[in-house]
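In the UniProt record's numbering, the protein residues as written are 1 to 652.
Here it is as structure tokens:
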């Protein structure tokens, strides 16, 4: 037990009489001493998985010893969960305690932005903690923070828009409006053109969330306390929307991703989603006005976002034209190259345009597409492989998919990127390949192209993964004739993806969506099945095929032994960041991600179950050992692979 869990005094309060103490914490009825049993119970509450529901007696215990717990920053979320937000006096005490509490970590504060916390003071406290995060970390959470806007007060967001630009103020001048007219799903034009919703239309569309604190018993003092909890926040940055816009205005990379994450939410025209859509429209317009009224850097950011939108719209038109062409894939690819090379075809010069940050990776500035290098993949939707010229004189390859919703892949790659950073902070580099994915609409988007071959192709060409590694990393006298660095990269990447795909419940794994790079790194693509879904019967707990193990030298080899150790280490490290991962998934439950939308109420639990937070570290290692043993001996994986090869044969 940590030394900090010492026996101390606390104010007793049964749940039915919590308001008998003042906000100062003074009690008239004496003091209660924290017993050893209560101390152990409180420690268990604080370290327990965040999603465990606390019983009434457990909540009473937390409330009773809240002053003692206030020095433990991870206990704040648990304390706020046991507050009865329908009782004004209790709310006042809770908000006063929140100000006195040891400041919580940023990754824990994300939980306060989930739907279960509705009080604005609590949510603004979370934002005050987020302000401590550097932009690098904020980018890791930005996708979820945009989703968290759905749980904010919509009226407040619209009022902020009205304050910034006037209720009926046009977003752009007439000339800008014409430039920004979008053919991108029709509805996009309203985001970046002169036309905006009228005041009456917007008012009708905005629905304020029914906050618990606004009961008939509520007093003005409660609201005053609420605003005092975030001492450092300015009026404009109190709201989540204001905070995100503020950070985006000061960092063009944040601005890039915020724009595209907002845009895809604005295009949803389903009737039940209209209030959130109009809320996102307000955020987008506020963002636009802040940039327009800002300094030269802000206006440059606004300008490149406008150019990005025009570029995407023109590219969508082009790929649609190619898709309508008759003929086979090669003929369509020729047409793709012709259209890219013709500046008159869509009144846009794809080969030489004004430089702009690439939406997929805004750290790269692109200025044109190499038309003669454009090609189409052989899959059903025939995605385009495009080679972009950068202002640095380099080439950047990306895939543009039309007819596919990339939001699920985008989420999984975000989680892989996050886990990679978490592991690296623990000095564990598993040679992952977290390629970039950006959904620019619900029907199209970009993926970073990584030079590689599928494991199926490597086996067909070389006979084994080991032979592939040897061809590209030959070293005479080294084990298996392969450079030790390449074999180490292979083993580490296998371990990393085994653990990560297991935690995320990635399904439909086969040798055509496992890829190999020449350096030895293995990585996964195509995440159409996650959170335990799989089209194949009896999938193994993790994808570890016979061919992958043989490349390490078999199950009795030193490399396979190292692989197992890396798996255990990665599993234990990631379990320690369970709260962050679960918070991020909690904020995605209302996102339009197919495999979350199927069972949104179970999505977080599916990830939590994989983490086995009920086990200690030693037990967790034994558990993972059993999973590996089951996967290595899974004969069904080999049989299903054969069926997939037949399907691929006919597709080719």
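Every residue, glycine too, gets a C-beta built ideally from N, C-alpha and C. Given the structure is predicted, the values throughout are model-derived calculations rather than measurements.
- Secondary structure at residue 394: coil, using DSSP grouped into helix, strand and coil.
- In chain order, 489, 492, 493, 521 place their CB closer than 6 Å to the CB of residue 431, counting only its own chain and leaving out the 5 sequence neighbours on each side.
- It is roughly 42 Å from the alpha-carbon of residue 509 to the alpha-carbon of residue 288.
- Residue 516 sits in a strand when the DSSP states are folded into three classes.
- Residue pairing by DSSP places residue 607 opposite no residue, since no beta bridge is assigned to it.
- Judged by DSSP secondary structure, residue 367 falls within the beta strand (DSSP E) whose first and last residues are 361-369.
- Only exposed fits residue 424, as fewer than 16 other CB atoms lie within 10 angstroms of its CB.
- Residue 73 is positioned such that its CB atom lies closer than 8 Å to that of residue 103.
- In the structure shown, residue 543 adopts coil according to DSSP, grouped into three states.
- For residue 506, the closest C-alpha among the options 595, 380, 37 is that of 595.
- Membership of residue 446 in the beta strand (DSSP E) is indicated by the continuous run 444-448.
- Taking C-beta separations shorter than 8 Å and ignoring five residues to either side along the sequence, the partners of residue 471 in its chain run 462, following chain order.
- Rounded to whole angstroms, the gap between the alpha carbons of residue 512 and residue 460 is 12 Å.
- At a Cβ-Cβ threshold of 8 Å, residue 320 and residue 164 do not count as neighbours.
- Using a Cβ-Cβ distance cut-off of 8 Å, the segment 311-329 and the segment 398-407 are in contact, since at least three pairs of beta carbons, one from each stretch, lie closer than that value.
- Excluding its 5 nearest sequence neighbours in each direction, residue 107 has C-beta neighbours in its own chain below 6 Å: 580, listed in chain order.
- At the C-beta level, residue 367 and residue 391 come within 8 Å of one another.
- Shortest Cα-Cα distance from residue 359 to any of 457, 446, 556 involves 446.
- Within the segment 242-326, no run of beta strand (DSSP E) at least 3 residues long lies entirely inside it.
- Rounded to the nearest whole angstrom, the C-alpha separation of residue 244 and residue 298 is 14 Å.
- Three or more beta-carbon pairs separated by less than 8 Å are not found between the segment 543-558 and the segment 598-617, which leaves the two stretches without contact.
- DSSP places residue 126 inside the alpha helix (DSSP H), whose first and last residues are 120-130.
- By the criterion of at least three beta-carbon pairs nearer than 8 Å, the segment 237-256 is not in contact with the segment 330-348.
- For residue 106, the enclosing alpha helix (DSSP H) stretches over residues 106-109.
- In the DSSP assignment, residue 437 falls within the beta strand (DSSP E) that extends over 437-439.
- In terms of Cβ geometry, residue 355 and residue 256 do not form a close pair [threshold 8 Å].
- Look at the beta carbons and you see the segment 85-99 not touching the segment 561-575: under three pairs across the two are nearer than 8 Å.
- Counting C-beta atoms within 10 angstroms of its own C-beta, residue 98 has 16 or more neighbours from the protein chains shown and is therefore classed as buried.
- When rounded, the separation of the alpha-carbon atoms in residue 515 and residue 68 is 53 Å.
- In summary, residue 378 is exposed, with fewer than 16 beta-carbon neighbours lying within 10 Å of its beta-carbon over all protein chains present.
- Between residue 587 and residue 148, the C-beta gap is smaller than 8 Å, which places the two residues in contact.
- Selection 593, 303, 415, 534 evaluated against residue 443 yields 593 as nearest (Cα-Cα).
- Spanning the alpha carbons of residue 465 and residue 473 requires a straight line of approximately 12 Å.
- Here residue 387 carries a strand assignment [DSSP, helix/strand/coil].
- The continuous stretches of alpha helix (DSSP H) do not include residue 358, which lies in the beta strand (DSSP E) extending over residues 356-358.
- Counting along the chain, residue 523 sits inside the beta strand (DSSP E) bounded by residues 522-524.
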